[in-house]
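Following: one structure in structure tokens, then a few remarks.
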Amino acid sequence: MADAVLELADGRRIPYRVAVSPRGHAIRFRLSALGGLVVTVPRAFDRSRLGTIVDGKRDWVLHHLERLEAANPPTATLTPPREFKLLALAETWRVEYQAALAKVMTARTAGPGRIVVAGQVENMAACHAVLHRWLVRRGQDTLAPWLERLSGETGLRHGGIAIKGQRTRWGSCSARGGINLNYKLLFLPREWVRYVLVHELCHTVELNHSPRFWDLVQRFEPRAREISAALRNARAYLPAWVL
Ligand SMILES: [Zn+2]
């Protein structure tokens with residue numbers, strides 16, 4: 002349904018689902034952290050009136066939304082992002098949500114700076130899940146070739162690249178030289194990402210944090226110590242929905 006989005010007084014756009022009640026006679030509104038906004042209408046209801054009726058409930062929705070958000074931590078925030086920036090790539094992405102009955106949800110790149118999330122968009126957890134998968138793909142398309150270039154520049158060879166969504170690490174390197182990179186790096190300043198990539202490549206030679214390891218890192222990134230310290234607060238760069 003094209004009009005299944007309600008714009009609130011504070012500018013937020015809330016997607017909603019329309020359910021049909023076979024026996025009910027009244028229009029009912031339900032808002033929950035898990036199910037989002039659901040509008041239940043009687044079977045014999047003139048759908049052309051729906052937009053006006055839902056608009057008339059804006060204050061009610063905003064009031065209940067604020068109460069829900071106060072009761073839930075930021076990571077459980079009800080509304081998925083409308084826009085986000087990937088600092089490492091100097092990219093800004095706008096996200097559109099299209100309600101569809103399809104069981105499989107998708108997040109696809111629809112054009113430059115434009116992502117379309119389609120499916121049951123009232124399901125916030127599902128929206129976040131497809132956006133995370135989109136970010137993993139963006140990481141594969143950008144971080145992997147970047148690591149490849151740095152590998153060529155430094156002469157440090159790795160044993161494969163995987164992009165993941167680790168909770169606490171920006172990257173890691175296995176004994177076989179396999180490098181895992183966190184897609185959340187995409188939200189960090191470019192210079193910091195380069196440092197993390199160099200750091201992991203150096204682990205293919207020194208699988209430890211010995212003085213020899215740091216000498217090697219500093220050969221390719223003279224500001225390594227400084228950036229390494231700054232990275233401790235890097236989570237501040239991450240939007241709440243990727244934490
Ligand atoms: Zn390390």
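Going left to right, the sequence shown walks through residues 2 to 244 as the numbering used here numbers them.
No residue lacks a Cβ here, since even glycine has one placed at the ideal position from N, Cα and C.
Please read these numbers as outputs of a predicted model, since none were measured by experiment.
Open item on the list: Considering Cα atoms alone, identify which of W147, W61 and L244 is closest to G166.
Closed with: L244
Task: Beta-carbon spacing of V204, E222 below 9 Å - done: Checking the sequence shown, residue 204 turns out to be His, not Val. In this structure, E222 does not lie closer than 9 Å to H204 by Cβ.
Task: Chain-order list of residues whose beta-carbon lies under 8 Å from that of I28 (same chain, five-residue window excluded) - done: V40, T41, V42, P43, F46 and I54
Open item on the list: Using a 10 Å radius around the Cβ and a threshold of 16 neighbouring Cβ atoms, would you call H26 buried or exposed?
Closed with: exposed
Open item on the list: Measuring straight from C-alpha to C-alpha, what distance separates L186 and W171?
Closed with: 7 Å
Task: C-alpha distance - Y184 paired with R48, whole-angstrom precision - done: 42 Å
- [ ] Please find out if some non-hydrogen atom of ligand 1 comes closer than 8 Å to the beta-carbon of C128.
- [x] no
- [ ] With F30 as the anchor, note down where its alpha helix (DSSP H) starts and where it stops.
- [x] Not the alpha helix (DSSP H): F30 falls in the beta strand (DSSP E), residues R29 to S33.
Open item on the list: Just list the residues that DSSP pairs P16 with in beta bridges.
Closed with: V6
Task: Beta carbon of P81 nearer than 9 Å to that of W242 - done: yes
Open item on the list: ligand 1 and E201: does the residue's C-beta get closer than 8 Å to at least one heavy atom of that ligand?
Closed with: yes
Open item on the list: Alpha carbons only, please: which of A163, G156, Q121 and C128 is nearest the one belonging to R138?
Closed with: A163
TODO: Look at the alpha carbon of S33 and the alpha carbon of G161, and state the distance between them as a whole number of angstroms.
DONE: 43 Å
Open item on the list: Only counting the same chain, and skipping five residues up and downstream in sequence, which positions put a Cβ closer than 8 Å to that of T76?
Closed with: Bear in mind that a pLDDT of 49 at T76, under 50, signals an unreliable position, so the number given afterwards is only what the model happens to contain. Once the five neighbours on either side are set aside, the close Cβ partners of T76 are A241, W242 and L244.
TODO: Measure from the alpha carbon of W135 to the alpha carbon of each residue in V96, W147, A101 and E154, then state which is nearest.
DONE: V96
TODO: Taking all protein chains shown into account, decide if A108 is buried (16 or more other Cβ within 10 angstroms of its Cβ) or exposed.
DONE: buried
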